Structures are given as structure tokens and as C-alpha cells.
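Heads up: the structure comes next, in C-alpha cells.
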Amino acid sequence: MRLTKSTDIALRIVMRLAVDETDHLVSSNPTTREVAEVMGVQYTHAAKVVAQLQHLGVVVARRGRGGGLALAETRRSVSVGWLVRRLEGEGDVVDCEGDAPCPLSAACRLRQALRQAQEAFYASLDPLSVEDLVADPTGPVLLSLRLR
Ligand code: SF4
């Protein structure tokens, strides 16, 4: 199964914000532009993803002096499976009903098997938290990504 680019960018941003709370040497509350730069993503794409993360209640944007992005309170413990499910949406891994609907769509065993495989994929991410994602060796790498 392949995640959308937006989900990958969202997870990168969430990981970057998660290490803010672990090291005072890292710029806390970075702007969307700063996060996009250090995580190697386009600003416009990052801005859309940040808006989605705010809508999900995972990221908050503080305004004014010293403001910027941060993880919402308690979100370091959020399940990666929960987050990926919401970022990916409800769609199937195969588009059976698109512009040219598949003739098997009403009674397809493959479709059911793929749905079960998709759920197994998400379920494997359920026990993992955002905090787990920034443990060694990832955390130190994130901490080394300084803003220019
Ligand atoms: S064969 Fe089954 S899974 Fe594939 S497109 Fe058709 S209905 Fe969907």
C-alpha cells in the first residue's frame, strides 16, 4: 500500500513538531515556511497539510510574537494508525467505481480482500504513537535539522 504524498508530508511535519518538546536548542514554534524548509517540502503543499492537521486538532498555530506551529496538547501520544486513517480518508486502495466502473464491483472477492489488507495495514500502525516515531535514531536526526 502506498501513502499519499500529503500523508507523508503530514507525518514529517508532525515528527518535526514532536521533537520541539524534547530539546530546548531546537527552535520552538516554527512557522509553516520554516518547517517546510527543514523537512524538504514545498511551502504550498506544507501549508495545505498544516491546515488539515489543524482541522484534525493535531497541530495548533499560535499567533503573534513567539508564535508558530506546535503539536496540540497530548498529541505526542496520538496513534499513528488513527492519524494515517484520517489523512488517507475512507477510499479503497483500488478505484473500482471511477470514470470507467469495473464490471466486477458489485461482487468482487478481490475488493473485499484488499479492504481487509488495508485495515491490517492501518491496524499495524495503531500501537505506534507519534512519540514512538521520534525515538532514537530518528529523534537525533530531526534535532540536527536546524533552520538556516
Ligand atoms: S477487480 Fe475487484 S478490486 Fe479490481 S477494480 Fe474490479 S471490483 Fe475493484
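Taking the working numbering, the leading residue of the sequence shown gets 9, the next gets one more, and so forth. Quick reminder that beta carbons are idealized off the backbone N, C-alpha and C, glycines included. Computed from a predicted structure; not experimentally measured.
Practice problem: Could you tell me the distance, in whole angstroms, from the CA atom of Thr40 to the CA atom of Ser132? | Solution: 30 Å
Quiz prompt | Cβ pair Met23, Leu141 closer than 8 Å | solution = It is a contact, given that the beta carbons lie within the stated cut-off.
Quiz item: In this structure, does DSSP put Ala78 in helix, strand or coil?
Solution: strand
Exercise. Kindly examine ligand 1 and report whether one of its heavy atoms sits closer than 7 Å to the Cβ of Arg119.
Key: Result yes, Cβ under 7 Å from ligand 1.
Quiz prompt | Sufficient close CB pairs (3 or more, under 8 Å) joining the region 11 to 23 to the region 87 to 97 | solution = yes
Quiz item: Could you give the distance in angstroms between the alpha-carbon of Leu112 and the alpha-carbon of Phe129?
Solution: 24 Å
Quiz item: Among Val58, Ala108 and Val66, which residue has its Cα nearest to the Cα of Thr82?
Solution: Put simply, of Val58, Ala108 and Val66 the residue whose alpha carbon is nearest the alpha carbon of Thr82 is Val66.
Quiz item: So, is Gly76 buried or exposed, given that buried needs 16 or more other C-beta atoms within 10 angstroms?
Solution: A buried status is given to Gly76, since no fewer than 16 other beta-carbon atoms sit within 10 Å of its beta-carbon.
Practice problem: Taking only the alpha-carbon atoms, compute the straight-line gap between Lys56 and Ala26 and give it to the nearest angstrom. | Solution: 19 Å
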